[in-house]
Amino acid sequence: MTHKSDYLVIGSGLAGLMFALKVSEYGTVTVVTKSKIDNTNTSYAQGGIATVRKVNDSYESHIKDTLIAGDGICNEDVVRTVVTEGPEMIKDLIEIGAKFDKKEDGTYDLGKEGGHSENRIFHHKDNTGFEIQRALTESVRNHKNITVLENYYAVDLITQHHLGYTIIRDKSDIECYGAYVLNPETEKVETFISKITYMATGGLGNIYDITTNPQVATGDGIAMAYRAKAFIDSMEFVQFHPTALYNKNERPSFLITEALRGFGAILRDKNGNAFMINYDERKDLAPRDIVARAIDTEMKKSGDEFVYLDATHLDAEKLKSHFPNIYKKCLSLDIDITKDYIPVAPAAHYLVGGIKVDKNGRSSIKRLYAAGECSSTGLHGANRLASNSLLEALVYADKAFEDSKNRLSEIELNENIPDWHDDGATYPEEMILITQSFKELQQIMTYYVGIVRSDLRLERALNRLEIIYNETKKLYDSSKVSRQICELRNAVNISYLIIKMAKNRKESRGLHYTVDYPEKGKIL
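This is how it looks when you write it as structure tokens:
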């Protein structure tokens, strides 16, 4: 079966749905998403959106904070663009129906997070992402030009390769004509052709043992683009959120937002000693890479699997009012955050790298755009500043919209696309083999490619991964397509990219720290 639309959007978080809403005034839009429309990384974002609003704040201050966090390799032009265009993008969200907290005088109650020099975080209690997702989902569902297909799994992008041509990554003539997508009801792969394909598939937290990401985050879009020969960038920079609630039995890990430290909470060791002063003059509000490594060091010194976050000295009623979900969640585990320390540990949280895009969100493949966590714009450099990710998604969804709408009339649908063929393929007899391989991969990435790395660990990870790759390729080539085998295939591709780029970076910078090269190298 073949589906046709002007725009094919893969992913349904902030980047995907905001783009879909904007382009829907210019053409037909199909949104395919591998789970429910609201099961996204956006929904799990607690903190908020960093945007200059207050009189005593400035664009230059936000730009400076972003550049410092990025540790020397941000694209300053991109930083300036995203920061200065942010306020207008917030207005777009508010017009759609997203609600942000206000003070009694009617002004916005802006929060402060690690690495920020001013209060500039727009938020909705402690579940900002959930509120944004709600507003976007309602708007998309009510739009006549947008078709949403839930639980449809994108398998591969369609390029000249599927027409029998050889394509090379370094060539600039690759074109994307749409995607092959698995229909969950028929279990058949269907053909989706479009004038413009837009990737917004989010991150990859689930290639690690401990993550704040939902289980859908397996790097699918990046892996698809990589196999289609797009340029992929900065994959070595995986951000571990310093403070996920420690609970061995829970996946994904519950995020304890950075805003709680911005509110005054303090990290302590098991003896109650505040330790961040030993690592950075900004103490608990240092950038995430510094805080995560500090916690990792403290855990290794003590042999414990967590440290503590202390909010007991803060006003109890204000604490419960500002962080109702954290309060409720912790209370369900017999932790009263107004009286008890919160056990926390770092968890895989955000990918800085991804599909390399230009200032308009264009990838190196013609007719393929990308935005949000699956893209690499140059904004974050070597480390993302807190609450800059939703901002980036907003700005680049708009950039891609403005650029693509002007090109739509010039592009023809390529209807000469062959159907997906899996003649002779069968379903795997033992799905447990896929499950076990995925668990092995998660352990490899957690133990060898985590917060602290070394040449030996990375080499060992690559050797172990090669075994899983060969097993997975053999299984994929002989099997009918399923979400499970595709996720494993994508996770293997993504893990390979992280390891290779980490091996190539012979320095420590931002989120990439290696004991063999503990200092920064020169920026060429």
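Using my numbering, read the sequence shown as starting at 2 and increasing by one per residue. The beta carbon of each residue, even a glycine, is placed where N, CA and C say it ideally should be. Predicted model, so just to flag it, every value in this text is computed and none were measured.
Open item on the list: Using a 10 Å radius around the Cβ and a threshold of 16 neighbouring Cβ atoms, would you call Ala275 buried or exposed?
Closed with: Around the beta carbon of Ala275, fewer than 16 other beta carbons sit within 10 angstroms, so the residue counts as exposed.
Task: Bridge partner(s) assigned by DSSP for Ile197 - done: As computed with DSSP, Ile197 is found in a beta bridge with Tyr8.
TODO: Compute the Euclidean distance between the alpha carbons of Lys172 and His162, then round it to the nearest angstrom.
DONE: Distance from the CA of Lys172 to the CA of His162, rounded to the nearest whole angstrom, comes to 13 Å.
TODO: On a CA-only basis, which of Lys113, Thr129 and Lys65 is nearest Gly49? Give me that one, please.
DONE: Per the Cα distances, Thr129.
TODO: Output the distance between the C-alpha atoms of Arg269 and Asp404, rounded to the nearest integer angstrom.
DONE: Arg269 and Asp404: Cα-Cα distance of roughly 49 Å.
- [ ] Please name the residue in Asn248, Gly17 and Asp399 whose C-alpha comes closest to that of Thr82.
- [x] The residue with the shortest Cα to Cα distance from Thr82 is Asp399.
TODO: Can you have a look at Phe510 and say buried or exposed, based on whether 16 or more other CB atoms are within 10 angstroms of its CB?
DONE: The displayed chain sequence assigns Arg, not Phe, to residue 510. Burial call: buried.
Open item on the list: Quick check: the region 376-387 against the region 71-79, are at least 3 beta-carbon pairs closer than 8 Å?
Closed with: The region 71-79 makes contact with the region 376-387; the number of CB pairs closer than 8 Å reaches 3 or more.
- [ ] Can you grab the Cα-Cα spacing for the pair Asp281 / Gln47, in whole Å?
- [x] In a straight line, the C-alpha of Asp281 is about 25 Å away from that of Gln47.
TODO: Could you tell me whether the region 51-60 touches the region 424-436, using the rule of 3 or more Cβ pairs below 8 Å?
DONE: By the Cβ criterion, the region 51-60 is not in contact with the region 424-436, since fewer than three pairs of Cβ atoms, one from each stretch, lie closer than 8 Å.
- [ ] Pair every Cβ in the region 170-185 with every Cβ in the region 325-332, then say whether three or more of these pairs are closer than 8 Å.
- [x] In short, these stretches do not touch, since the Cβ pair count stays below three.
Task: Boundaries of the beta strand (DSSP E) in which Arg269 is found, first to last residue - done: Ile267 to Arg269 is the span of the beta strand (DSSP E), which, as asked, contains Arg269.
Open item on the list: Bridge partners for Tyr247 per DSSP, in chain order?
Closed with: Answer is none; Tyr247 lacks a bridge partner.
TODO: Measuring alpha carbon to alpha carbon, tell me which of Tyr45, Arg294, Ala492 and Met2 ends up nearest Val190.
DONE: It is Met2 whose Cα lies nearest to the Cα of Val190.
Task: Which of helix, strand or coil DSSP assigns to Lys521 - done: Coil, per DSSP.
- [ ] Can you tell me the Cβ-Cβ gap for Val358 and Thr378, rounded? I've got them flagged as a contact below 8 Å.
- [x] About 6 Å separates the two Cβ atoms, so the contact holds.
Task: Same chain, Cβ closer than 7 Å to Leu334, neighbours up to 5 away in sequence not counted - done: Spatial neighbours of Leu334 in its own chain (CB-CB distance under 7 Å, excluding positions within 5 residues in sequence) are listed in chain order as Asn248.
Open item on the list: On the DSSP letters alone, give me the boundaries of the beta strand (DSSP E) that His314 sits inside.
Closed with: Looking at the DSSP string, His314 is not in any beta strand (DSSP E), and its letter there is neither H nor E.
- [ ] Could you check how far apart the C-beta atoms of Ser235 and Gly354 are, in whole angstroms? I think they sit under 8 Å.
- [x] Ser235 to Gly354, Cβ: 3 Å. Contact.
Open item on the list: My output table needs one value for Tyr448: the three-state DSSP class, helix, strand or coil.
Closed with: Note: Tyr448 maps to helix in three-state DSSP.
TODO: Find out if the Cβ-Cβ distance for the pair Arg506, Glu237 is shorter than 8 Å.
DONE: A distance below 8 Å separates the beta carbons of Arg506 and Glu237.
Open item on the list: Check this for me: beta carbons of Asp1 and His125, under 8 Å apart or not?
Closed with: Limits of the chain in this structure are 2 at one end and 525 at the other, which puts residue 1 out of reach.
Open item on the list: Please give me, in chain order, every unbroken run of the alpha helix (DSSP H) with length at least 4 that falls completely inside the region 156-180.
Closed with: You should have found no qualifying run.
Open item on the list: Can you tell me whether Asp234 is helix, strand or coil according to DSSP?
Closed with: Reduced to three states, the DSSP call for Asp234 is strand.
Open item on the list: Let me make sure I understand the geometry here. Which of Met277, Asn279, Asn491 and Ala16 has the alpha-carbon closest to that of Thr138?
Closed with: If we check each option's Cα against that of Thr138, Ala16 comes out closest.
Open item on the list: Does His350 come out as helix, strand or coil in the three-state DSSP assignment?
Closed with: Three-state result, His350: strand.
Open item on the list: Whether or not the region 147-155 and the region 30-40 are in contact is what I'm after, with contact meaning three or more pairs of Cβ atoms, one per stretch, closer than 8 Å; do they touch?
Closed with: Touching, per the Cβ criterion.
Open item on the list: For His242, list the residues DSSP reports as bridge partners.
Closed with: Answer by DSSP bridge pairing, in chain order: Ala348.
TODO: Return the CA-CA distance between Val84 and Lys360, expressed in angstroms with no decimal places.
DONE: Approximately 14 Å, taken between the alpha carbons.
Open item on the list: Checking 8 Å against the spacing of the C-beta atoms, do His599 and Gln443 come in under that value?
Closed with: Not covered by the structure: residue 599. The range shown for the chain is 2 to 525.
Open item on the list: Only counting the same chain, and skipping five residues up and downstream in sequence, which positions put a Cβ closer than 8 Å to that of Phe307?
Closed with: Contacts found: Tyr247, Met300, Pro344, Val345 and Ala346.
Open item on the list: Once the 5 residues before and after Cys487 are set aside, which same chain residues still bring their CB inside 7 Å of it?
Closed with: Closer than 7 Å at Cβ, skipping near neighbours: Tyr154 and Val156.
Open item on the list: Between the alpha carbons of Leu158 and Ser36, how many angstroms are there, rounded?
Closed with: Their backbone Cα atoms lie some 19 Å apart in a straight line.
TODO: Answer with buried or exposed for Ile500, where buried requires no fewer than 16 other C-beta atoms within 10 angstroms of its C-beta.
DONE: Burial check for Ile500: the Cβ neighbour count within 10 Å reaches 16 or more, so the residue is buried.
TODO: Counting only the same chain and skipping the five closest in sequence on each side, list residues whose C-beta sits under 6 Å from that of Tyr477.
DONE: A distance below 6 Å between beta-carbons, with the five flanking residues on each side excluded, links Tyr477 to the following residues of its chain, in chain order: Ile486 and Arg490.
Open item on the list: Measuring alpha carbon to alpha carbon, tell me which residue in Phe131, Ile296 and Asn120 is nearest Asp66.
Closed with: Nearest to Asp66 by C-alpha distance, out of Phe131, Ile296 and Asn120, is Asn120.
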